[in-house]
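2 protein chains.
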Amino acid sequence: MGSRIGIGLLGLGTVGGGVASILFSPQERHPLVSDLEVARVAVRDLNRARTIDLPADRLTTDPHEVVRDPAVDVVVEVIGGIEPARTLILEAIAAGKSVVTANKAVIARHGQEIAEAAASAGVYVLIEAAVGGGIPIIEPLKQSLGGNRIDRVSGIINGTTNYILTRMADEGAAYDDVLAEAQKLGYAEADPAADVDGLDAADKIAILSTLAFGGAVERSDVPTQGISQLQGRDVDYARQLGYGVKLLAVAERMANEVQTSRSLPLSLRVQPTLVPTDHPLFGVNGVNNAILVEGEPIGRVMFYGPGAGAGPTASAVVADILNIAGIRQASDNPGRLDPLLAAGSWRSCSLVDPGEVRQRHYVRFNTTDTPGVIGSIGSCFGDRAVSIQSIVQFNATAAGAEIVVITHEVSQRQMDDALNAISNLAEVSGLTAHLGCL
Amino acid sequence: MGSRIGIGLLGLGTVGGGVASILFSPQERHPLVSDLEVARVAVRDLNRARTIDLPADRLTTDPHEVVRDPAVDVVVEVIGGIEPARTLILEAIAAGKSVVTANKAVIARHGQEIAEAAASAGVYVLIEAAVGGGIPIIEPLKQSLGGNRIDRVSGIINGTTNYILTRMADEGAAYDDVLAEAQKLGYAEADPAADVDGLDAADKIAILSTLAFGGAVERSDVPTQGISQLQGRDVDYARQLGYGVKLLAVAERMANEVQTSRSLPLSLRVQPTLVPTDHPLFGVNGVNNAILVEGEPIGRVMFYGPGAGAGPTASAVVADILNIAGIRQASDNPGRLDPLLAAGSWRSCSLVDPGEVRQRHYVRFNTTDTPGVIGSIGSCFGDRAVSIQSIVQFNATAAGAEIVVITHEVSQRQMDDALNAISNLAEVSGLTAHLGCL
Numbered sequence: 000m001g002s003r004i005g006i007g008l009l010g011l012g013t014v015g016g017g018v019a020s021i022l023f024s025p026q027e028r029h030p031l032v033s034d035l036e037v038a039r040v041a042v043r044d045l046n047r048a049r050t051i052d053l054p055a056d057r058l059t060t061d062p063h064e065v066v067r068d069p070a071v072d073v074v075v076e077v078i079g080g081i082e083p084a085r086t087l088i089l090e091a092i093a094a095g096k097s098v099v100t101a102n103k104a105v106i107a108r109h110g111q112e113i114a115e116a117a118a119s120a121g122v123y124v125l126i127e128a129a130v131g132g133g134i135p136i137i138e139p140l141k142q143s144l145g146g147n148r149i150d151r152v153s154g155i156i157n158g159t160t161n162y163i164l165t166r167m168a169d170e171g172a173a174y175d176d177v178l179a180e181a182q183k184l185g186y187a188e189a190d191p192a193a194d195v196d197g198l199d200a201a202d203k204i205a206i207l208s209t210l211a212f213g214g215a216v217e218r219s220d221v222p223t224q225g226i227s228q229l230q231g232r233d234v235d236y237a238r239q240l241g242y243g244v245k246l247l248a249v250a251e252r253m254a255n256e257v258q259t260s261r262s263l264p265l266s267l268r269v270q271p272t273l274v275p276t277d278h279p280l281f282g283v284n285g286v287n288n289a290i291l292v293e294g295e296p297i298g299r300v301m302f303y304g305p306g307a308g309a310g311p312t313a314s315a316v317v318a319d320i321l322n323i324a325g326i327r328q329a330s331d332n333p334g335r336l337d338p339l340l341a342a343g344s345w346r347s348c349s350l351v352d353p354g355e356v357r358q359r360h361y362v363r364f365n366t367t368d369t370p371g372v373i374g375s376i377g378s379c380f381g382d383r384a385v386s387i388q389s390i391v392q393f394n395a396t397a398a399g400a401e402i403v404v405i406t407h408e409v410s411q412r413q414m415d416d417a418l419n420a421i422s423n424l425a426e427v428s429g430l431t432a433h434l435g436c437l
Numbered sequence: 000m001g002s003r004i005g006i007g008l009l010g011l012g013t014v015g016g017g018v019a020s021i022l023f024s025p026q027e028r029h030p031l032v033s034d035l036e037v038a039r040v041a042v043r044d045l046n047r048a049r050t051i052d053l054p055a056d057r058l059t060t061d062p063h064e065v066v067r068d069p070a071v072d073v074v075v076e077v078i079g080g081i082e083p084a085r086t087l088i089l090e091a092i093a094a095g096k097s098v099v100t101a102n103k104a105v106i107a108r109h110g111q112e113i114a115e116a117a118a119s120a121g122v123y124v125l126i127e128a129a130v131g132g133g134i135p136i137i138e139p140l141k142q143s144l145g146g147n148r149i150d151r152v153s154g155i156i157n158g159t160t161n162y163i164l165t166r167m168a169d170e171g172a173a174y175d176d177v178l179a180e181a182q183k184l185g186y187a188e189a190d191p192a193a194d195v196d197g198l199d200a201a202d203k204i205a206i207l208s209t210l211a212f213g214g215a216v217e218r219s220d221v222p223t224q225g226i227s228q229l230q231g232r233d234v235d236y237a238r239q240l241g242y243g244v245k246l247l248a249v250a251e252r253m254a255n256e257v258q259t260s261r262s263l264p265l266s267l268r269v270q271p272t273l274v275p276t277d278h279p280l281f282g283v284n285g286v287n288n289a290i291l292v293e294g295e296p297i298g299r300v301m302f303y304g305p306g307a308g309a310g311p312t313a314s315a316v317v318a319d320i321l322n323i324a325g326i327r328q329a330s331d332n333p334g335r336l337d338p339l340l341a342a343g344s345w346r347s348c349s350l351v352d353p354g355e356v357r358q359r360h361y362v363r364f365n366t367t368d369t370p371g372v373i374g375s376i377g378s379c380f381g382d383r384a385v386s387i388q389s390i391v392q393f394n395a396t397a398a399g400a401e402i403v404v405i406t407h408e409v410s411q412r413q414m415d416d417a418l419n420a421i422s423n424l425a426e427v428s429g430l431t432a433h434l435g436c437l
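Taken in order, these protein sequences are the chains called A and B.
So for the first sequence, numbering that gives the first Met the number 0 puts the first residue at 0; every next one is plus one.
So for the second sequence, numbering that gives the first Met the number 0 puts the first residue at 0; every next one is plus one.
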């Protein structure tokens, strides 16, 4: 329908291959897909067998050749990692090319630098595939929710941990056993730290927060608790109390009034969290992801779908390419950008002291099985104005008992004070779990 | 940030008032909202008290004045109904103005005419608010899923009927009682036909289908079954069998191979449908809506949120206005449109013979309580190759029994043949319910 757009692929692995296979089979897709031509591809090994039939001269082992190639209009970065991805993205921008990337790590850490370079070069850097796999969430945040004052973005945004948590809940299996099997099945990496320690989810919530609230926060300051310490018994106790355990990522506004100060106070966190059975996130299982956006006046909307995988991620990458192709038909003046699609920051945001963050908590203590222990723990909470929703004893034996407490909403500071006092009780031998609770 | 955009509102009722209240409180929203100025507003009664503080000369009772006003760049039509809405939209387009409308009835019936007029005038007609209230679904279909071959769009897209069905299920209440109370609470119109007969859902699925598959079908040919004949006992039996009953709207591709013929065969329908408890649509309750989109390679994504209400609908209207404002910053050449945002049709689609449509069915018969009746009914299905998943007898008394059958996937034609044969059985006094089943 329009003119040809040259696509340069940096990487032809799982996602890159998925993108290529969409571009090589435009039938039954949006007609604009036919205008996209794979002009140049950087690969590691020229001789590897491929399902995609590309002329040999379009392949190179030098990614800089792709970025420099005058036949390339849009550079698609799907190699991942920080370097050389960051440098290649900046080179592409400097060469006047728009960039599409699935790389949450580089955007969460260098998003500001990349966005500024893109704005001054008059090009787009689009990142739909960086969060939520195939789920449209980046573009809706940029293009469909701008009329709202966003109050909170939260969700399940790491497929590996959600797969592990789902199997722990369904089978009563232990974390280590499920992780080992997930690695065997390819759902978890050999080095699973980025997923199970919550770092990947923290990258993604930092990106969502920047778009939702209009400004970045310091990625390294996001409090992050993964699932590697999570015990199967807490998943089981949560279930008995009417909850599922999910690795939740949250970004929320900490001030409801109109902001007169320069910087909007936010809380971001990643934490295993109890989700009640009637909550929309409760039913999000396996490698699926879901993101809830809450704002005024929209209320609450949720975006749900496959959070990973070659096909879904490729769908998101191609969506970004199509947006660039589409807007080129409306405007070929590279100095003028659509501010919604470009989505530059428009204010300063900052993280509040984590002590101020209010939420519900789930804690488990090992105690002696003495009659007064529930009363002593209850008093420690009560004395610090921590209101308790439920306090339940599990597994009482001669050796001791487990006490599980779910609180009402309290500040982290109040909670820490109470936990300190409780740790000094003679009957309490340890705080053995501490999770969030919706 | 950019230049001022004049907004002309046709209607200042629930939705129009919601839009105005966003535009009059731009703080904490996207900065582009500050560029939007309410230039002219058409109302029914100039003297009605309003919460919005507008200079008197911006109000008029003549909507044509709004459309003609040179200070108006974008016309927002929120009066609803077919006429004068259609004429006003076409007048705005002829005057070179982009249009934002929440009017599903006019788009489902006159979308083609309106889209052609917009394309030749080089303006946009955006309709996010027409389907799903505040849920971003129109823009994601247009801008985020174009790389996919869409196979099916289905969902709960009428809030009134979902509210009624939720209360019937939760309270075991009868349809008529819940409807009467919904009317008292303002969740249902005094004349509820458009909602309860499925016409509103049919309008909306016709719109979604046009965007998902690239071409319109004849709105009046969409098979539409509402909930006004639905009996509480079927909701109860469905629950006992592990299902909820939802008014489902479906648009699906009827050919998986690449289309060589000119016209893509589709099936559209609106029908009360049993949804299993583990299906993502099962938990969509009250006035919430949800839309599932299935395609290759994305798999399945779902969009969930408030399907109606002033705030959510206004959020969607303002999103459309912002998209127009945003693209004006990238291009002020009105002859050049972004093909994704403009979303013109790109192929012909047509409805298949409803007899060819394959799905699972739920049917209930009144029968005599004789030992052979289940066998006779089973044989009638078996003789027509209708495979049965379950056949259950409810409520057996001396007066007779009720037999509920859930089939595997069969064509409507096979099903009709079998039902015909069953109606001739002496033991069967009537087919008393016939619903779809996922």
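Every residue, glycine too, gets a C-beta built ideally from N, C-alpha and C.
Assignment of beta-bridge partners to Gln392 (chain B) by DSSP yields B:Ile402. Ile81 (chain A) is a Cβ neighbour of Val105 (chain A), given a cutoff of 8 Å. When 7 Å is used as the limit between beta carbons, Ala329 (chain B) is near these residues of chain A: Ile326, Ala329, Ser330, Arg335, Leu336 and Asp337, in chain order. At least one CB of chain A lies nearer than 8 Å to the CB of Ser314 (chain B). Between the alpha carbons of Arg238 (chain B) and Ala168 (chain B) lies a gap of roughly 8 Å.
Here the region 289–309 of chain A makes no contact with the region 88–101 of chain A; the two share fewer than three CB pairs at distances below 8 Å. The region 94–114 of chain A and the region 314–322 of chain A touch, with no fewer than 3 CB-CB distances between them shorter than 8 Å. Taken in chain order, the whole beta strand (DSSP E) runs of length 3 or more contained in the region 224–285 of chain B are 242–252 and 262–275.
Cβ atoms of Lys203 (chain A) and Val124 (chain A) stay farther apart than 8 Å, at about 16 Å. Around the beta carbon of His109 (chain B), 16 or more other beta carbons lie within 10 angstroms, which makes this residue buried. At a cut-off of 8 Å between C-beta atoms, Ala318 (chain B) counts as an interface residue with respect to chain A. The beta carbon of Arg346 (chain B) sits closer than 7 Å to those of Gly213, Gly214 and Leu263, all from its chain and outside the five residues before and after it, given in chain order.
The Cβ atoms of Val244 (chain B) and Leu164 (chain B) lie closer than 8 Å to each other. Listed by position along chain A, the residues whose Cβ is nearer than 7 Å to that of Phe302 (chain B) are Phe302.
Residue-level contact by beta carbon holds for Asn147 (chain B) and chain A, with a gap shorter than 8 Å. 8 Å or more divides the Cβ of Ser330 (chain B) from the Cβ of Leu265 (chain B). Residues are counted here when their Cβ sits less than 9 Å from a Cβ of chain A; for the region 89–114 of chain B the count is zero.
Annotation: Val269 (chain A) to Pro279 (chain A) spans about 18 Å, alpha carbon to alpha carbon. Scanning the region 140–164 of chain B from its first residue to its last, the whole beta strand (DSSP E) runs of 3-plus residues come out as 148–155.
In summary, the residues of the region 124–146 of chain A whose CB is separated from some CB of chain B by less than 8 Å are Glu127, Gly133, Ile134, Pro135, Glu138, Pro139, Gln142, Ser143, Leu144, Gly145 and Gly146, in the order they occur in the chain.
Gly298 (chain B) reaches chain A at Gly133, Gly304, Pro305, Gly308, Gly310 and Pro311, counting residues in chain order whose Cβ is nearer than 8 Å.
Looking at the backbone, the Cα of Ile137 (chain A) and that of Gly5 (chain A) are separated by about 24 Å. Check the Cα spacing between Thr50 (chain B) and each of B:Arg39, B:Gly12, B:Leu87 and B:Thr86: the tightest is with B:Gly12.
Asn322 (chain A) belongs to the set of residues whose beta carbon lies under 8 Å from a beta carbon in chain B. Residues of the region 28–49 of chain B that bring their beta carbon within less than 9 Å of a beta carbon in chain A comprise Arg28, His29, Pro30, Leu31 and Val32, in sequence order.
Counting along the chain, Arg108 (chain B) sits inside the alpha helix (DSSP H) bounded by residues Lys103 to Ala120. For Gly15 (chain A), none of the residues of chain B pass the 9 Å Cβ criterion, the least Cβ distance being about 14 Å. Per DSSP, the beta-bridge partners of Ile290 (chain B) are B:Gly154 and B:Phe302. Residue contact check for Pro279 (chain A) against chain B: a CB pair falls below 8 Å. In the DSSP assignment, no residue is bridged to Cys379 (chain B). In the DSSP assignment, Val18 (chain A) falls within the alpha helix (DSSP H) that extends over Thr13 to Leu22. In the three-state DSSP reduction, Ile6 (chain A) falls in the strand class (E or B).
Taking a Cβ-Cβ cut-off of 8 Å, Leu207 (chain A) has no neighbours in chain B, whose nearest Cβ is about 15 Å from it.
Residue-level contact check: Ile4 (chain A) does not touch chain B, since none of the beta carbons of chain B fall below 8 Å from its beta carbon. Taking 8 Å as the threshold, the shortest C-beta distance from Leu340 (chain A) to chain B falls below it. The C-beta distance from Ala201 (chain B) to Val221 (chain B) rounds to 5 Å, short enough to meet the 8 Å contact threshold.
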